[in-house]
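Colleague:
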Amino acid sequence: MRLYDSMTQEKKDFVPRDGDHVTMYFCGPTVYNYVHIGNARPYVVSMVAKRYFESLGYRVTLVENITDIDDRIINKGNAEGRDYREVAKQFADAYREDTSRLGLGRPDVEPLATEHIQEIIDLIAGLVAEGHAYQAGPDVYFDVDSWGEYGKLSKQQVAEMRHGARIDVGDDKADPLDFALWKGAKPGEPAWDSPWGQGRPGWHIECSAMSLKYLGAGFDIHGGGRDLIFPHHENEIAQSEAAGKPFARFWMHNGMLNLSSEKMSKSVGNIRTLRSILDKHRPEALIAAFLGSHYRSPLEFSEDLLEETEQQVDRLRNVFRGLADRAAGAPAGAALTAADQAVLDKLAARHTAFDEALADDLNTAAALAEVFGVAREVNAALAAGELSAAGAAAVRTELTGVIHVLGLDAVAGTEDEIPAEVVAMAEERRAARAARDFAKSDALRDAIAEAGYEVRDVPDGFKIIRTR
RNA sequence: GGCGACGUGGCCGAGUGGCUUAGGCACGGGUCUGCAAAACCCGCUACACCGGUUCAACUCCGGUCGUCGCCUCCA
29 MRLYDSMTQE KKDFVPRDGD HVTMYFCGPT VYNYVHIGNA RPYVVSMVAK RYFESLGYRV
89 TLVENITDID DRIINKGNAE GRDYREVAKQ FADAYREDTS RLGLGRPDVE PLATEHIQEI
149 IDLIAGLVAE GHAYQAGPDV YFDVDSWGEY GKLSKQQVAE MRHGARIDVG DDKADPLDFA
209 LWKGAKPGEP AWDSPWGQGR PGWHIECSAM SLKYLGAGFD IHGGGRDLIF PHHENEIAQS
269 EAAGKPFARF WMHNGMLNLS SEKMSKSVGN IRTLRSILDK HRPEALIAAF LGSHYRSPLE
329 FSEDLLEETE QQVDRLRNVF RGLADRAAGA PAGAALTAAD QAVLDKLAAR HTAFDEALAD
389 DLNTAAALAE VFGVAREVNA ALAAGELSAA GAAAVRTELT GVIHVLGLDA VAGTEDEIPA
449 EVVAMAEERR AARAARDFAK SDALRDAIAE AGYEVRDVPD GFKIIRTR
């Protein structure tokens, strides 16, 4: 596979450090509020990347942290008169709940910063001992000047950065670029004991400590949003490598989401939370919206986009419905016909193209196009009656595997639970149609639609499907 | 100012030096249907602008215009 690396700014052949084992770390959210849809993109990208690697036969360990100690969490707690832990717990739970609704499973490890204070302290102590960090008052800072490679990821010139840098009043930094590894606690703030007194970890250090703990030095892929390149990832590299730990081998950054017309602002109402989207749209539609463009491109996010992808997933769902109907009652061990084989051959070619698309820097948009190509070919074969029951079953099995990689498993689900009253209305409608009472028939169809279902007339009767 | 993206047909969005009609959505015309829906078939077909390189550029190079992200907390 070829994977773009933000460090070298080019696509490189990806070969895991450990043979058949891929190690990945993605920066997760700081849980001071419900996560917004922007937070969902790296989540989806990482889970799809994991599935792709697994489809290639690799074993994958994906670590995605949850930052549960941070100024914003503390501030929120203070503002609401609650303990910061309560705030962090509430939104960490909400984050897991919201992302789980996407149906992509969970990362293998989801470490919390507050459960790795010792690892963080050990890492900082090492940096202090090596002369890469220093204590200043109650705080400990990383000495940027001591690390010659600072700026190598963001391509920022240290001298340039100093120009525009601001020094916060009250800081004891020796250099405006130095960043906090450990923040001394002010009265009333959450704190842990450390060699430098009571305090809490700075933001960047947790990711270094936890990625190195779970994946070891020189792990394969570190990902996150583009906006994390500076300072977050730059700092992670500096503090990790200065501590003698080679860091990530590939840097994978996803593009930002733009909210059309609605600028993401701090004012609470403007933020599009993941849960608000999922309350209104099926998770597959959101996933399709993300996968429809390349992960590195900025994505214009809108209601129109979601409505379009709702149509797309409906299309895929219809393929599976058609396949399931055709495959029903397939006799075990039935031989495939030549026509079946022709369809399977086309599918195999699409599958190859699908894999090749993903092998090129995870080009999900091109991969998805192949899936739609299959949809057209399969529908055509179905319409022409060229697929036997056994053939349809074989196609369905193969196609299910393909869409699984993209996390679109839900479109393969064809088992809609239809309420008895809806079925009764459909039966009544059938009778009305048989009696050529089309006014009544149409009224019943409207009533069924009202109930959230769609009735389709098929040769031997009707078919009911759930709409949203 | 520094770093980095990007400008593709009605919309979204891949991609490549000389056939990809990418794909989806929307739209128009058909087939099917009592009418629909779904599905299939057909159609609509682009590459911001100006130069240059080349037998050949949407694709390479240079410039112009425009949009955007980061440089401060941020997925």
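Numbering (our numbering), first residue to last: 29 to 496.
Beta carbons are placed, not taken as given, at the ideal position from N, Cα and C, and that holds for glycine.
#1: Between the C-alpha atoms of residue 68 and residue 139, what's the straight-line distance to the nearest angstrom?
#2: Leaving aside the five residues before and after residue 207 along the sequence, list all residues of the same chain whose C-beta is less than 7 angstroms from its C-beta, in chain order.
#3: Let me check one thing: in DSSP terms, what residues is residue 301 bridge-paired to?
#4: Go ahead and pull the three-state DSSP assignment for residue 490.
#5: I'd like the span of the alpha helix (DSSP H) that includes residue 280, first residue to last.
#6: With DSSP run on the structure shown, which of helix, strand or coil describes residue 93?
#7: Give me the residue from 471, 419, 396, 57 with the minimum Cα distance to residue 76.
#8: Would you check if there are 3 or more beta carbon pairs closer than 8 angstroms linking the segment 350 to 368 to the segment 414 to 431?
#9: Would you give the residue range spanned by the beta strand (DSSP E) that residue 38 belongs to?
#10: When you compare each of 78, 273, 160, 305 to residue 134 by their alpha carbons, which one comes out closest?
#11: Which same chain residues end up closer than 6 angstroms to residue 386 when comparing Cβ atoms and leaving out the 5 residues on each side of it in sequence?
#12: According to DSSP, residue 346 sits in a beta bridge with which residue or residues?
#13: Please classify residue 70: is it buried, with 16 or more other beta-carbons within 10 angstroms of its beta-carbon, or exposed?
#14: Excluding sequence positions up to five away, which residues of its chain have a Cβ less than 7 angstroms from the Cβ of residue 326?
#15: Just the C-alpha distance for residue 324 and residue 307, rounded to the nearest angstrom, thanks.
#16: Residues in its own chain within less than 7 angstroms of residue 182 by CB, not counting five upstream and five downstream?
#17: Which residue wins for smallest C-alpha separation from residue 85, given the options 452, 167, 29, 146?
#18: Go ahead and pull the three-state DSSP assignment for residue 47.
#19: Note the first and the last residue of the continuous alpha helix (DSSP H) segment covering residue 318.
#20: Return the CA-CA distance between residue 245 and residue 131, expressed in angstroms with no decimal places.
#21: Considering just the uninterrupted stretch of the beta strand (DSSP E) at residue 286, what are its terminal residues?
#22: Please report the distance separating the alpha-carbon of residue 126 from that of residue 302.
#23: Quick check on residue 295: buried or exposed, where buried means 16 or more other Cβ atoms within 10 Å of its Cβ?
#24: Can you check whether the CB of residue 52 is closer than 8 angstroms to the CB of residue 248?
#25: From residue 163 to residue 273, what does the alpha carbon distance come to, in whole angstroms?
#26: Below 6 angstroms CB to CB, which residues in the same chain sit around residue 209 once its five sequence neighbours on both sides are set aside?
#27: Using the Cβ count rule (16 or more neighbours within 10 Å means buried), how would you classify residue 95?
#28: Going by beta-carbon coordinates alone, are residue 472 and residue 344 separated by less than 8 angstroms?
#29: For residue 334, which option in 377, 176, 351, 310 has the closest C-alpha, if you only look at C-alpha atoms?
#30: In chain order, what residues of the same chain lie with their CB nearer than 7 angstroms to the CB of residue 410, ignoring the 5 residues before and after it?
#31: In or out: residue 39 buried (at least 16 other Cβ within 10 Å) or exposed?
#32: Looking only at C-alpha atoms, which of 442, 483, 445 sits nearest to residue 456?
#33: Comparing alpha-carbon positions, which option in 31, 54, 441, 491 lies nearest residue 242?
#34: Report the rounded CA-to-CA distance for residue 93 versus residue 73, giving the unit in angstroms.
Modeller: Reading from the atomic positions:
#1: As a first step, residue 68 is located in the first sequence; it is residue number 40 there, counting from the start. As a first step, residue 139 is located in the first sequence; it is residue number 111 there, counting from the start. Using only the alpha carbons, I get a separation of about 18 angstroms.
#2: On the first sequence, position 179 is the one that residue 207 refers to. The residues are 169, 170, 230, 232, 259, 263.
#3: As a first step, residue 301 is located in the first sequence; it is residue number 273 there, counting from the start. Beta-bridge partners assigned by DSSP to residue 301: 64.
#4: The sequence position of residue 490 within the first sequence is 462, counting from 1. The DSSP-derived three-state label of residue 490 is strand.
#5: Sequence index remark: in the first sequence, residue 280 carries index 252 (1-based). That residue, residue 280, is in no alpha helix (DSSP H); its beta strand (DSSP E) goes 278 to 282.
#6: What you label residue 93 is simply residue 65 of the first sequence in a count that begins at 1. DSSP, reduced to helix, strand and coil, places residue 93 outside both helices and strands of the structure shown, so it counts as coil.
#7: As a position in the first sequence, residue 76 is number 48, starting the count at 1. Out of 471, 419, 396, 57, 396 has the C-alpha closest to the C-alpha of residue 76.
#8: By the Cβ rule, the segment 350 to 368 counts as touching the segment 414 to 431, because three or more pairs are nearer than 8 angstroms.
#9: Your numbering for residue 38 matches position 10 in the first sequence. Looking at the DSSP string, the run of the beta strand (DSSP E) that includes residue 38 is 38 to 41.
#10: Numbered from its first residue, the first sequence carries residue 134 at position 106. It is 78.
#11: In the first sequence, counting from the first residue as 1, residue 386 sits at position 358. Residues of the same chain with a CB within less than 6 angstroms of the CB of residue 386, apart from the 5 flanking positions on each side, are 80, 395 in chain order.
#12: Reading the first sequence from its first residue, position 318 is the one you call residue 346. Residue pairing by DSSP places residue 346 opposite no residue, since no beta bridge is assigned to it.
#13: Against the first sequence, residue 70 aligns to sequence position 42. Counting of Cβ neighbours within 10 angstroms places residue 70 among the buried residues, the total reaching 16 or more.
#14: Your numbering for residue 326 matches position 298 in the first sequence. 283, 284, 286, listed in sequence order.
#15: On the first sequence, residue 324 is found 296 positions in, with the first residue counted as 1. On the first sequence, residue 307 is found 279 positions in, with the first residue counted as 1. C-alpha of residue 324 to C-alpha of residue 307: approximately 27 angstroms in a straight line.
#16: Here residue 182 refers to the residue found at position 154 when the first sequence is read from its first residue. Non-local beta-carbon contacts of residue 182 in its own chain, meaning distances under 7 angstroms to residues more than five positions away in sequence, involve 257, 258, 262 in chain order.
#17: Walking along the first sequence from the start, residue 85 turns up at place 57. The shortest C-alpha separation from residue 85 is found at 29.
#18: Within the first sequence, the letter at position 19 stands for residue 47. In the structure shown, residue 47 sits in coil (DSSP, three-state: anything other than H, G, I, E or B).
#19: For the purposes of this step, residue 318 is taken as residue 290 along the first sequence, with counting starting at 1. Where residue 318 is concerned, the enclosing alpha helix (DSSP H) stretches over 311 to 319.
#20: Residue numbering aside, residue 245 sits at position 217 when the first sequence is read from its first letter. Residue numbering aside, residue 131 sits at position 103 when the first sequence is read from its first letter. Spanning the two alpha carbons is a distance of roughly 31 angstroms.
#21: One-based indexing of the first sequence puts residue 286 at position 258. Here the beta strand (DSSP E) through residue 286 covers 285 to 287.
#22: Translated into the one-based positions of the first sequence, residue 126 becomes position 98. Translated into the one-based positions of the first sequence, residue 302 becomes position 274. C-alpha separation (whole angstroms): 7 angstroms.
#23: As a first step, residue 295 is located in the first sequence; it is residue number 267 there, counting from the start. Residue confidence for residue 295 is low, a pLDDT of 40 falling below 50, so the modelled location carries little weight and cannot support an answer.
#24: Position 220 of the first sequence holds residue 248. Position 24 of the first sequence holds residue 52. Taking 8 angstroms as the Cβ cut-off, residue 248 and residue 52 qualify as a contacting pair.
#25: The residue given as residue 163 occupies position 135 in the first sequence. The residue given as residue 273 occupies position 245 in the first sequence. In this structure, the alpha-carbon of residue 163 lies about 22 angstroms from that of residue 273.
#26: Numbered from 1 along the first sequence, position 181 holds the residue referred to as residue 209. Apart from the 5 residues on each side of it in sequence, residue 209 sits with its Cβ closer than 6 angstroms to the Cβ of 152, 161, 168, 170, 230, 233 in its chain, given in chain order.
#27: Position 67 of the first sequence, counted from the start, is the residue given in the question as residue 95. Under this definition residue 95 is a buried residue.
#28: Sequence index remark: in the first sequence, residue 472 carries index 444 (1-based). Sequence index remark: in the first sequence, residue 344 carries index 316 (1-based). If you check the CB distance, residue 472 and residue 344 do not come in under 8 angstroms.
#29: By one-based count along the first sequence, residue 334 stands at place 306. Ranking 377, 176, 351, 310 by Cα distance to residue 334 puts 310 first.
#30: Residue mapping note: residue 410 aligns to position 382 of the first sequence, counting from 1. Counting only residues of its own chain and dropping the five nearest sequence neighbours on each side, residue 410 has a CB closer than 7 angstroms to the CB of 350, 354.
#31: Mapped onto the first sequence, residue 39 falls at position 11. Label assigned to residue 39: exposed.
#32: For the purposes of this step, residue 456 is taken as residue 428 along the first sequence, with counting starting at 1. The option with the nearest alpha carbon to residue 456 is 483.
#33: Within the first sequence, residue 242 is the residue found at index 214, counting from 1. Scanning 31, 54, 441, 491 for the CA closest to the CA of residue 242 turns up 54.
#34: Sequence index remark: in the first sequence, residue 93 carries index 65 (1-based). Sequence index remark: in the first sequence, residue 73 carries index 45 (1-based). Straight-line Cα distance between these residues: approximately 15 angstroms.
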